[in-house]
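See structure below.
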Amino acid sequence: MAGAKNVLTALWTIDDRLTATFMSRFYGTWLSHLGMSPTEALQKTKLRYITSPSSAERDPATWAPFVLYEG
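Printed below as a string of structure tokens:
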């Protein structure tokens, strides 16, 4: 983590495709809202999953492992 202001990681092993989708949504959210913090972007991304009409996306296994370490 040397030199990194923040690190977004998963607490357990998760499928690469699910991770790629989650990260794409996270960065899309963060970069499209000027001034938004990474913490806010993570919250919005997780809320998108939690409120999704898709039961697969609402499953905590797809969004819960992601955590942000802020430095």
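Count the sequence shown with UniProt numbering and you get residues 1 to 71, in order.
Think of the CB as a built atom: it goes at the ideal place given N, C-alpha and C, for glycine as much as any other residue.
Distance from the CA atom of residue 12 to the CA atom of residue 34, rounded to whole angstroms, is 31 Å. In this model, residue 18 and residue 59 are separated by some 12 Å (Cα to Cα).
Residue 9 is bridged by DSSP to 67.
The Cβ neighbour count for residue 31, taken over all protein chains shown within 10 Å, is under 16; the residue is labelled exposed.
In this structure residue 45 touches residue 22 by the C-beta definition: roughly 7 Å separates them, less than 8 Å. Non-local C-beta neighbours of residue 63 in its own chain, meaning closer than 8 Å and more than five positions away in sequence, comprise 22, 45, 46, 49, 50, 57, ordered along the chain. A residue is called buried when at least 16 other Cβ atoms come within 10 angstroms of its Cβ; residue 29 meets this threshold and is buried.
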